[in-house]
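**Student:** Let me give you the structure first, and then I'll get to my questions.
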Amino acid sequence: MKNFFYTSLLILGAFFLFSCGGGENGEDEVIEDEELYEFKGFSLKEYDIPATIMLPDETANIGASTTPEIIHAEDDFKWELIVGPNFHMIIDDWGDDREMVSAEKKRLEGLNFYKIKYIENKPDFIFYERILKVEGEKSAPKSVGLEHKSYHVYGQKVIDGITYVFRSRDEGFEKVIIDFMAKSIKSVKPVKKSA
Numbered sequence: 010m011k012n013f014f015y016t017s018l019l020i021l022g023a024f025f026l027f028s029c030g031g032g033e034n035g036e037d038e039v040i041e042d043e044e045l046y047e048f049k050g051f052s053l054k055e056y057d058i059p060a061t062i063m064l065p066d067e068t069a070n071i072g073a074s075t076t077p078e079i080i081h082a083e084d085d086f087k088w089e090l091i092v093g094p095n096f097h098m099i100i101d102d103w104g105d106d107r108e109m110v111s112a113e114k115k116r117l118e119g120l121n122f123y124k125i126k127y128i129e130n131k132p133d134f135i136f137y138e139r140i141l142k143v144e145g146e147k148s149a150p151k152s153v154g155l156e157h158k159s160y161h162v163y164g165q166k167v168i169d170g171i172t173y174v175f176r177s178r179d180e181g182f183e184k185v186i187i188d189f190m191a192k193s194i195k196s197v198k199p200v201k202k203s204a
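Those letters in the sequence shown? Residues 10 to 204, by this note's numbering.
Here's what the structure looks like:
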């Protein structure tokens, strides 16, 4: 009986390892089930994106509603994915352009009014803190004024040959919201075509 248990565990582990394979470039990160305990699967197929995504549910304690809302005009290249008042993700269709994260990093380098600190920096995914630079900040004490800080996430996924960018809104969010958004983006999986 003991051997049967270990054999079953080994087979299950191998199945999980191979079924969680990455995208075209092998950069996808595997999200463990225990990291997604406050999430619920959602299909984007009805909205012309052949993929699924894990979204925060009502247990996530971020004000998430139980029903995600998608705003998308037919034949447009942009979707807005809203889950309650605090989770607002944007999805853009970039066709066959595979360098969207690189382009975003270059854009961020050119923002002279902000300091960018990467929390996670990968070829297909970035998670960063953006702080507004204040004139004379080196001489000013930390207690003077408010620090203008926001968090952002930007990731690309290739699905059926099309590059989709999943990102936070331009204004960003608090870190707790972006933590959830990062897990959602990493969870995106193509829907297998039926035979």
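By construction, the Cβ of each residue, glycine as well, lies at the ideal position given by its N, Cα and C atoms.
Keeping to the same chain, check which residues put their C-beta closer than 8 Å to that of Gly170; ignore five residues upstream and five downstream.
**Tutor:** Excluding residues within five positions, the ones whose Cβ falls inside 8 Å are Asp105.
**Student:** Judging by CA-CA distance, which residue of Asp133, Val197, Glu67 is the nearest neighbour of Tyr163?
**Tutor:** For the residues Asp133, Val197, Glu67, the minimum Cα distance to Tyr163 belongs to Asp133.
**Student:** Going by DSSP, what residue range makes up the alpha helix (DSSP H) through Asp92?
**Tutor:** At residue 92 the sequence reads Val, which differs from the Asp that was named. Here Val92 belongs to no alpha helix (DSSP H); instead the beta strand (DSSP E) covers 87-92.
**Student:** Measuring alpha carbon to alpha carbon, tell me which residue in Met190, Lys131, Lys158 is nearest Arg176.
**Tutor:** It is Met190 whose Cα lies nearest to the Cα of Arg176.
**Student:** Give a yes or no on contact between the stretch 178-192 and the stretch 81-101, applying the rule of three or more CB pairs nearer than 8 Å.
**Tutor:** As far as the Cβ criterion goes, the stretch 178-192 touches the stretch 81-101, which means the pair count is three or higher.
**Student:** Going by CA-CA distance only, name the one from Glu183, His157, Val197, Arg178 that's closest to Thr172.
**Tutor:** The residue with the shortest Cα to Cα distance from Thr172 is Val197.
**Student:** Cutting at 7 Å between CB atoms, please list the residues of its own chain near Lys142, excluding the five before and the five after it.
**Tutor:** Excluding sequence neighbours, Lys142 sits near Phe122, Tyr123, Lys124.
**Student:** Considering only residues of the same chain and omitting the five flanking positions on each side of Ile140, which have a CB-CB separation below 6 Å?
**Tutor:** Same-chain partners within the cutoff: Lys124, Lys158.
**Student:** Using a Cβ-Cβ cut-off of 8 Å (strictly less than) and excluding sequence neighbours within five positions of Tyr56, which residues of its own chain qualify?
**Tutor:** Here the set comprises Ile79, His81, Trp88.
**Student:** Pull up the distance between the alpha-carbon of Lys115 and that of Leu53, whole angstroms please.
**Tutor:** Taking the straight line joining both Cα atoms gives about 29 Å.
**Student:** Taking only three categories from DSSP, how would you classify Gly170?
**Tutor:** The answer is coil: DSSP assigns Gly170 none of H, G, I, E or B.
**Student:** Drop a sphere of 10 angstroms on the beta-carbon of Lys202, count the other beta-carbons inside from all chains shown, and report buried for 16 or more, exposed for fewer.
**Tutor:** Under this definition Lys202 is an exposed residue.
**Student:** If you measure between the beta carbons of Thr61 and Phe48, is that distance less than 9 Å?
**Tutor:** Cβ distance not < 9 Å, so Thr61 and Phe48 don't count as in contact.
**Student:** So, is the C-beta of Gly181 closer than 9 Å to a C-beta in chain D?
**Tutor:** This model lacks chain D altogether; it includes just one protein chain.
**Student:** To the nearest angstrom, how far is it from the Cα of Ala112 to the Cα of Val174?
**Tutor:** Going from the Cα of Ala112 to the Cα of Val174 covers about 12 Å.
**Student:** Considering only C-alpha positions, which residue in the set Glu44, Asn70, Ser193, Gly119 is nearest to Phe136?
**Tutor:** With distances taken between Cα atoms, Phe136 lies closest to Ser193.
**Student:** Taking all protein chains shown into account, do 16 or more other C-beta atoms lie within 10 angstroms of the C-beta of Phe96, making it buried, or fewer, making it exposed?
**Tutor:** Under this definition Phe96 is a buried residue.
**Student:** Between Val200, Glu138, Glu129, which has its C-alpha nearest His161's C-alpha?
**Tutor:** Minimum Cα distance to His161 is reached at Glu138.
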